[in-house]
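From first to last, the protein sequence lines are chains A and B. Using the numbering used here, the first residue of the first sequence is number 1, and each one after it goes up by one. Using the numbering used here, the first residue of the second sequence is number 1001, and each one after it goes up by one. For reference, the structure is listed below as structure tokens.
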Amino acid sequence: MQIYLPIADLPVNIFLVLGMGLAVGFISGMFGIGGGFLMTPLLIYIGISPAVAVASVTSHIAASSLTGAITYWRKRAIDVALAMMLLSSGILGTATGVWLFTLLRELDQLDLVIGLSYVTLLTTVGALMINESVQAELRARKGQPATLRRPGSHTFVHGLPFKLRFKRSKIYVSAIPVWGIGFTIGFIGAILGIGGGFLLVPMLIYFLRVPTATVIGTSMVLTLVTMASATVMHAATNHLVDAVLALILIVGGVIGAQFGARTGQKMRGERLRLLLGLLVFAVGLRFAYELVVQPDELFSIRLVRGE
Amino acid sequence: MMARRALIAAMLLAACAVTPARAERLVVSLSNHRVAVTSSFTGEDLVLFGTIEPDRPQTALRSAYDLVVTVTGPRQTLRTRRKDRVLGIWVNVDSREFVRVPSYLGVLSNRPVAAIANADMVRRMQLGLNNFLLPQRIGPDTADTVRDDPFRVAFVNLETQYGLYRESPTAVTFLTPTVFRVAIPMPANAPTGSYGIDVQLFTGGVPVARTNSALEVIKAGFEQFVADAARDHGLLYGLFASLMALLIGWFGSVVFRRD
């Protein structure tokens, strides 16, 4: 069944888009991530312009983050104070991202920046995840305990001023890296149409030593608010949010996430991280391939203005 | 006032004097003047019927008519970009702006336009995709380039791939020597707005009659509403889209609550 998308300006098969929502939702539920880094490339692949894809996916991620955040809220696994600190700069990062997005589109380099950023981010993060989970797997084989946190080991982050205490997470850190992380995630999310959960969780763990109990829930709150505000900002400045597309994706995503979460709970943490790492890495390679190999069509057209 | 009337009368007389004894008139009718893009819109074929009639009764008609129908969609300014390899990756390096060109361009005829009239006539009357005026911004000026300019060729090729530009030498069918039928294809991605239909009649390589018609492509119902809202009330639309996402997200967590 074909449905016409009013902003993307093309007809798509409703079941195809719903299926994509379900599949990405399944993966996002399984790994506890937003899934934007999969959804945005998929939408571009079926012919939706990168700009509309990025802008519309933000609302999809907002929805799946809210579902996740509510679950974690019930488990009291959200550090509200930390989330608020991250948010204060996250919104600023989002606004800067939307501004740069508009500028890059004007300069005809948006697609390139999206492509390059995906390659860099995904291959790096993917490789780190694979490495980390393989090491953990090997340690487990040898019978050593798998430790993610090394208590007592301090990095440069702990020497910074403006220290704040976050009770729920039981950490005492400087406000500077917290603001920095919030800004970075908001910024990247707005430009690339990703929630940034797969970046934020490791950042919070490695830089701020946020315990695993609160890290995912807190990251989901940040993703939720930055993505919801990115939707509003993209709609207000670039008029690129396709609500019909978003609606289909969200419905598919929310349902898919529930089944994904059940599957995810049956798997071991290291195995799960390895799988996610491989997936992230593969998507990164796919983007690299597209940048390096000569495209079939060297020319492309962009609408400057209608009548 | 008198002088102007006299002038008009003189012009009319002159016009009558140069009109050949045999003259044709085109009468056309479009199957549908309004194409509504709804949620299930996947393209539509419009049909234009027409007859060739003598300008005045009892005048003879010639035979072997040729018909060229040019359909132009609402004007848009589009930028065509070219990629090239820079440091091993493919980057947009060059671009040209096509200023106020038709978003849809259909050249429909009963045989190839090159066979209908000579090259000079075809170019002068802008018949066919190769000859239609597509002005590019070149410095402070706008001008059409030579027809084999790489940007122009690429632009026409891309638009043809999208189904927005097309040249069909079989879209016009003569049912009798004087009654014709034109199939106007409207692809699913046809931009909304008003379309002009220019019908030109040729015989022996000479234009003999011309008429116009128009059609409108509108987004209907829900699509119209969404597109208008996104364009005119961006902030409100964004707030709504965001709220919708949050509501469904919340609803999902309630429905699938497991604890």
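We treat Cβ as the ideally placed atom computed from N, Cα and C, and that holds for glycine. Please read these numbers as outputs of a predicted model, since none were measured by experiment.
Closest Cα partner of residue i within the set the options
{"i": "T67(A)", "options": "S56(A), V225(A), E290(A)", "result": "V225(A)"}
{"i": "A23(A)", "options": "W179(A), L43(A), Q2(A), V52(A)", "result": "L43(A)"}
{"i": "R76(A)", "options": "A213(A), G34(A), R286(A), I33(A)", "result": "A213(A)"}
{"i": "P1140(B)", "options": "T1211(B), S1109(B), V1099(B)", "result": "V1099(B)"}
{"i": "G1221(B)", "options": "V1153(B), L1215(B), A1229(B)", "result": "A1229(B)"}
{"i": "P1185(B)", "options": "T1072(B), A1064(B), P1054(B)", "result": "T1072(B)"}
{"i": "V210(A)", "options": "T223(A), V173(A), V244(A)", "result": "V173(A)"}
{"i": "I194(A)", "options": "V80(A), M227(A), S49(A), I216(A)", "result": "M227(A)"}
{"i": "Q1126(B)", "options": "V1255(B), Q1200(B), V1226(B)", "result": "Q1200(B)"}
{"i": "H234(A)", "options": "R74(A), R105(A), Y206(A), V80(A)", "result": "R105(A)"}
{"i": "G1204(B)", "options": "N1110(B), I1116(B), V1146(B)", "result": "I1116(B)"}
{"i": "D1084(B)", "options": "R305(A), V304(A), L303(A), Q294(A)", "result": "Q294(A)"}
{"i": "Y1104(B)", "options": "I1197(B), A1119(B), T1080(B), M1121(B)", "result": "I1197(B)"}
{"i": "F299(A)", "options": "A1227(B), N1032(B), F1240(B), D1094(B)", "result": "D1094(B)"}
{"i": "R1025(B)", "options": "V1047(B), R1062(B), L1108(B), N1032(B)", "result": "R1062(B)"}
{"i": "E1167(B)", "options": "F1225(B), G1252(B), N1131(B)", "result": "N1131(B)"}
{"i": "F1180(B)", "options": "H1233(B), E1053(B), T1042(B)", "result": "E1053(B)"}
{"i": "L249(A)", "options": "L16(A), L10(A), Y4(A), D9(A)", "result": "L16(A)"}
{"i": "G97(A)", "options": "V113(A), D108(A), M84(A), M220(A)", "result": "V113(A)"}
{"i": "G217(A)", "options": "L303(A), R74(A), V57(A)", "result": "R74(A)"}
{"i": "M85(A)", "options": "A243(A), G182(A), A236(A)", "result": "G182(A)"}
Cα-Cα separation, residue i to residue j
{"i": "P151(A)", "j": "I301(A)", "result": "Because the pLDDT at P151(A) is just 49, under 50, the model does not fix this residue reliably, and the value given afterwards should be weighed accordingly. Going from the Cα of P151(A) to the Cα of I301(A) covers about 54 Å."}
{"i": "L278(A)", "j": "I27(A)", "result": "13 Å"}
{"i": "G1050(B)", "j": "A1171(B)", "result": "13 Å"}
{"i": "V1086(B)", "j": "M267(A)", "result": "44 Å"}
{"i": "M30(A)", "j": "G260(A)", "result": "4 Å"}
{"i": "F162(A)", "j": "I7(A)", "result": "45 Å"}
{"i": "A95(A)", "j": "V201(A)", "result": "22 Å"}
{"i": "I191(A)", "j": "L1067(B)", "result": "51 Å"}
{"i": "A282(A)", "j": "T123(A)", "result": "8 Å"}
{"i": "V1254(B)", "j": "T71(A)", "result": "9 Å"}
{"i": "R149(A)", "j": "K170(A)", "result": "Unreliable positioning characterises R149(A) in this predicted model, as indicated by a pLDDT of 49, which lies under 50. A coordinate reading is not provided."}
{"i": "S167(A)", "j": "G264(A)", "result": "It is Lys, not Ser, that sits at residue 167(A) in the sequence shown. Going from the Cα of K167(A) to the Cα of G264(A) covers about 29 Å."}
{"i": "E290(A)", "j": "I46(A)", "result": "15 Å"}
{"i": "A1188(B)", "j": "Q135(A)", "result": "52 Å"}
{"i": "T1192(B)", "j": "M129(A)", "result": "48 Å"}
{"i": "W1250(B)", "j": "A63(A)", "result": "8 Å"}
{"i": "R1081(B)", "j": "G186(A)", "result": "30 Å"}
{"i": "M1(A)", "j": "I14(A)", "result": "6 Å"}
{"i": "S229(A)", "j": "I91(A)", "result": "7 Å"}
{"i": "G316(A)", "j": "L1048(B)", "result": "Because chain A is modelled from 1 through 307, residue 316(A) falls outside the range shown and cannot be assessed."}
{"i": "L87(A)", "j": "V1069(B)", "result": "59 Å"}
Three-state class that DSSP yields for residue i in the structure shown
{"i": "P177(A)", "result": "helix"}
{"i": "V251(A)", "result": "helix"}
{"i": "P1020(B)", "result": "Interpretation of P1020(B) is limited by its pLDDT of 48, a score under 50 that renders its predicted location unreliable; the figure taken from the coordinates is listed afterwards. Correct three-state label for P1020(B): coil."}
{"i": "E297(A)", "result": "coil"}
{"i": "N1189(B)", "result": "coil"}
{"i": "V1277(B)", "result": "With chain B represented from 1001 up to 1259, any question about residue 1277(B) goes unanswered, as that position is not in the structure."}
{"i": "G1196(B)", "result": "strand"}
{"i": "T1051(B)", "result": "strand"}
{"i": "D1232(B)", "result": "helix"}
{"i": "R149(A)", "result": "Note on R149(A): pLDDT 49, under 50, position unreliable in the model; no value is reported."}
{"i": "K142(A)", "result": "helix"}
{"i": "T1038(B)", "result": "coil"}
{"i": "I27(A)", "result": "helix"}
{"i": "D108(A)", "result": "coil"}
{"i": "P1207(B)", "result": "strand"}
Residue-level contact to chain E via CB, residue i, 7 Å cutoff
{"i": "Q2(A)", "result": "Looking for chain E here will not work: the only protein chains present are A and B."}
Item checked: Residues in the region 236 to 251 of chain A having any Cβ partner in chain B nearer than 9 Å -> A236, T237, N238, H239, L240, V241, D242, A243, V244, A246, L247, I250, V251
Notebook entry, point to check: What are the uninterrupted segments assigned as beta strand (DSSP E) that are 3 or more residues long and contained completely in the region 1152 to 1185 of chain B, given in chain order?
Noted result: 1165 to 1168, 1172 to 1176
Next item on the list: Using a Cβ-Cβ cut-off of less than 8 Å, give me the residues of the region 1083 to 1099 of chain B that come near chain A, in sequence order.
Entry: K1083, D1084, R1085, G1088, I1089, W1090, V1091, N1092, S1095, E1097
Item checked: Contacting positions in the region 80 to 112 of chain A - beta carbon closer than 7 Å to chain B -> D108, Q109, L112
Notebook entry, point to check: What are the residues of the region 1176 to 1194 of chain B that lie near chain A, defined by any Cβ-Cβ distance shorter than 8 Å?
Noted result: A1188, N1189, P1191, G1193
Item checked: Segments of 4+ residues assigned as alpha helix (DSSP H) that fall wholly inside the region 1054 to 1128 of chain B -> 1113 to 1116, 1119 to 1124
Next item on the list: Check each residue of the region 1224 to 1246 of chain B: if its Cβ is closer than 7 Å to any Cβ of chain A, include it; give the result in chain order.
Entry: V1226, A1227, A1230, R1231, G1234, L1235, Y1237, G1238, L1239, A1241, S1242, M1244, A1245, L1246
Next item on the list: Compile a chain-ordered list of the residues in the region 116 to 134 of chain A whose CB is closer than 7 Å to at least one CB of chain B.
Entry: none
Notebook entry, point to check: According to a CB-to-CB cut-off of less than 9 Å, which residues of the region 1048 to 1079 of chain B neighbour chain A?
Noted result: P1074, R1075, Q1076, T1077, L1078, R1079
Notebook entry, point to check: Using a beta-carbon distance cut-off of less than 7 Å, what residues from the region 207 to 231 of chain A approach chain B?
Noted result: A228, T231
Item checked: In chain order, each alpha helix (DSSP H) run of at least 4 residues that lies wholly inside the region 211 to 293 of chain A -> 212 to 237, 243 to 265, 269 to 292
Item checked: Residues, ordered as in the chain, of the region 1107 to 1140 of chain B that lie near chain A by beta-carbon distance below 7 Å -> none
Next item on the list: Could you name the residues of the region 283 to 303 of chain A whose beta carbon sits closer than 7 Å to any beta carbon of chain B, in the order they occur along the chain?
Entry: L291, V292, Q294, P295, L298, F299, S300, I301, R302, L303
Checklist line | Interface residues of the region 1155 to 1166 of chain B facing chain A [CB-CB below 9 Å] | finding: F1155, N1157, L1158, E1159, Q1161, Y1162
Margin query: Taking beta-carbon pairs under 9 Å, can you tell me which members of the region 55 to 66 of chain A lie near chain B?
Written below: S56, T58, S59, H60, I61, A62, A63, S64, S65, L66
Next item on the list: Can you give me, in chain order, the residues of the region 1212 to 1224 of chain B that have a beta carbon less than 7 Å from any beta carbon in chain A?
Entry: K1219, E1223
Check: Unbroken alpha helix (DSSP H) runs of length 4 or more, entirely within the region 44 to 77 of chain A: which are they?
Finding: 50 to 74
Next item on the list: Name, going along the chain, the residues of the region 2 to 27 of chain A whose beta-carbon falls closer than 7 Å to a beta-carbon of chain B.
Entry: Q2, I3, Y4, P6, I7, D9, L10, P11
Next item on the list: Give the residues from the region 1032 to 1045 of chain B that approach chain A closer than 8 Å (Cβ to any Cβ), ordered along the chain.
Entry: V1037, T1038, S1039, S1040, F1041, T1042
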